[in-house]
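Chemist: Following this message is one structure expressed as structure tokens.
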Amino acid sequence: ITSSDLFSKPVTSLLDMGAACARVDSGAKEDGSLNGKYSVGEEVGKGATATVYKALRKKDKGTFAVKCLRRNQFSQADSDALLKEVDFLRELDHPNVLRCYDFYEEPETYYLVVDFIAGGELFDRITAKTVYNEYEARELIKILLDVLLHLAEHNIAHRDLKPENLLLKSDKDHDVVLIDFGFAEKAEDRNLTAQCGTPNYVAPEIINKKDYGIEVDMWSAGVIFYILLGGYPPFYTTTGDQKELFHLITQAKYEFHPEWWGPVSKLAMDLISKMLVVDPDQRLTAQQAFRHEWFLDSDTTLMNHHLERSLKQLKVWNAKRKLRGAIKAVIWTNRLRNALSKSAMSPGSGEAAEANSEQAEEATGAPPGTAV
1 ITSSDLFSKP VTSLLDMGAA CARVDSGAKE DGSLNGKYSV GEEVGKGATA
51 TVYKALRKKD KGTFAVKCLR RNQFSQADSD ALLKEVDFLR ELDHPNVLRC
101 YDFYEEPETY YLVVDFIAGG ELFDRITAKT VYNEYEAREL IKILLDVLLH
151 LAEHNIAHRD LKPENLLLKS DKDHDVVLID FGFAEKAEDR NLTAQCGTPN
201 YVAPEIINKK DYGIEVDMWS AGVIFYILLG GYPPFYTTTG DQKELFHLIT
251 QAKYEFHPEW WGPVSKLAMD LISKMLVVDP DQRLTAQQAF RHEWFLDSDT
301 TLMNHHLERS LKQLKVWNAK RKLRGAIKAV IWTNRLRNAL SKSAMSPGSG
351 EAAEANSEQA EEATGAPPGT AV
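The following block contains the structure:
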């Protein structure tokens with residue numbers, strides 16, 4: 001398995017899968033049908049693989065999103081993966097996890113009714129701020145830990161925690177929603193073996209090809225918490241060398257640079273250091289993290305820990321991340337088009353080059369004190 005194969009995203013995520021639908025029309029008229037329960041309105045999003053419509057639930061005028069996906073574009077494996085992801089979204093019941101309210105299987109189309117996401121990405125919201133402090137970061141971290149606690153209670157490993165998968169339902173910062181359960185799996189007694197995730201956030205045991213469980217999500221969360229407080233990722237390379245990045249991760253080689261972490265409390269750094277632990281047996285669980293002393297620090301104290309330098313660095317890092325995301329979108333669109341047209345590509349061709357370029361971009365970070 002190559003490094004590009006290792007972290008290639010399957011086309012089975014709810015937000016990434018399906019072909020654009022020309023219109024939403026279930027054809028069924030009974031109350032339980034899509035058109036019977038919802039008034040489907042304007043198209044609000046359209047990509048290479050999905051079309052999304054805004055819809056109102058007739059009984060209470062609640063606002064939802066309807067995702068339209070053509071079944072003839074799916075292999076049996078794709079359909080099975082979709083159904084499993086839907087099962088996870090319906091099993092989980094947490095205000096900060098994307099919820100699937102209804103799922104319709106019709107002869108030609110899948111329809112999914114999910115939360116309407118109106119607030120954009122969490123990290124875009126943070127970088128739009130002019131003032132940012134440790135208290136605000138802690139409030140977000142509390143939410144994410146609560147989500148991980150809920151996943152742990154259901155023995156579900158998300159396996160792809162990263163900023164792109166943290167969205168906002170509204171203009172309120174606490175309306176964070178975890179999305180994209182395309183890599184999610186039931187994890188009983190570290191029975192997972194698949195190598196998946198996103199390079200900067202992947203846990204050491206996945207890289208080392210060891211059996212693993214829900215502990216991998218706590219590692220990824222530690223990386224996100226580091227970025228929230230410091231403004232840049234803990235693991236990065238200046239060259240984009242993924243092998244070097246993986247070495248840093250598997251050795252947990254990172255530091256809290258004083259020029260950036262000066263205003264951050266020692267307790268916050270202690271929490272992160274107990275999450276970014278190579279041995280999953282020694283890594284904090286979500287429940288243990290909630291009992292950390294940092295969460296006992298007074299709100300007023302943390303409000304006075306202003307993170308101006310971290311916010312400035314976060315703005316730069318986030319801008320680069322968004323640019324990388326736009327480039328990836330073009331790459332994945334081209335790949336899907338090639339796959340659907342059954343275009344043959346020889347080894348070493350453009351697709352392989354794109355994959356290698358993509359992985360190199362993912363490995364780069366934002367070294368403190370340098371431009372990105």
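Taken in order, the sequence shown gives residues 1 to 372; the numbers are from the UniProt record's numbering. The C-beta atom is built at its ideal place from N, Cα and C for all residues, glycine as well. These numbers come from a predicted model, not from an experiment.
Excluding the 5 residues preceding and the 5 following residue 369 in the sequence, name in chain order all residues of the same chain whose CB lies nearer than 6 angstroms to its CB.
Modeler: Note that residue 369 has pLDDT 49, beneath the 50 cutoff, so the model's placement of it is unreliable and the number below is only indicative. No residues qualify anywhere along the chain.
Chemist: Can you have a look at residue 167 and say buried or exposed, based on whether 16 or more other CB atoms are within 10 angstroms of its CB?
Modeler: buried
Chemist: At the level of alpha carbons, what is the spacing between residue 376 and residue 129?
Modeler: Absent from the model: residue 376. The displayed extent of the chain is 1 to 372, so no value can be given.
Chemist: So residue 46 is in the beta strand (DSSP E); what residue range does that whole segment cover?
Modeler: 38–46
Chemist: For the beta strand (DSSP E) holding residue 223, just list the boundary residues, first then last.
Modeler: Premise fails: residue 223 lies in the alpha helix (DSSP H), 215–230, not in any beta strand (DSSP E).
Chemist: Just verifying my parser: in three-state terms, what is the DSSP assignment at residue 305?
Modeler: Residue state for residue 305 is assigned as coil, using DSSP reduced to three classes.
Chemist: Since residue 135 is in the alpha helix (DSSP H), which residue starts that stretch and which ends it?
Modeler: 134–153
Chemist: Can you tell me the Cβ-Cβ gap for residue 289 and residue 271, rounded? I've got them flagged as a contact below 8 angstroms.
Modeler: 7 angstroms
Chemist: Give me the Cα-Cα distance between residue 240 and residue 315, rounded to the nearest whole angstrom.
Modeler: 20 angstroms
Chemist: Is DSSP giving residue 106 helix, strand or coil here?
Modeler: coil
Chemist: Would you call residue 185 buried or exposed, if buried means 16 or more other Cβ atoms sit within 10 Å of its Cβ?
Modeler: When all chains shown are included, residue 185 counts as buried.
Chemist: Is it the case that the segment 107–122 contacts the segment 55–66, given that we only count it when at least three CB pairs across the two stretches are under 8 angstroms?
Modeler: yes
Chemist: Note down the Cα distance separating residue 275 from residue 219, rounded to an integer number of angstroms.
Modeler: 6 angstroms
Chemist: Buried or exposed: where does residue 238 fall if 16 or more other Cβ atoms within 10 Å of its Cβ makes it buried?
Modeler: exposed
Chemist: Report the partner residues of residue 112 according to the DSSP bridge assignment.
Modeler: 67 and 103
Chemist: Where in the segment 166–196 do unbroken runs of the beta strand (DSSP E), each at least 3 residues long, occur, reported from the N-terminal end onward?
Modeler: 166–168 and 176–178
Chemist: Taking one C-beta from the segment 145–164 and one from the segment 64–78 each time, how about it: are there three or more such pairs within less than 8 angstroms?
Modeler: no
Chemist: So residue 154 and residue 92 are supposed to be a Cβ contact under 8 angstroms. How far apart are they, rounded?
Modeler: 6 angstroms
Chemist: Kindly indicate which three-state DSSP category residue 283 falls into: helix, strand or coil?
Modeler: coil
Chemist: Please check the pair residue 222 and residue 187, which I expect to be a contact at CB under 8 angstroms, by giving their CB distance rounded to whole angstroms.
Modeler: Not quite, the Cβ-Cβ distance comes to about 18 angstroms (not below 8 angstroms), so this is no contact.
Chemist: According to DSSP, which residues form a beta bridge with residue 397?
Modeler: Because the chain in this structure spans residues 1 to 372, residue 397 falls outside the shown range and cannot be described.
Chemist: Just the Cα atoms here: how many angstroms apart are residue 231 and residue 249?
Modeler: 18 angstroms
Chemist: Could you pull the DSSP bridge partners for residue 212 from this structure?
Modeler: 192
Chemist: Going by C-alpha distance, which of 261, 143, 182 and 44 is nearest residue 233?
Modeler: 261
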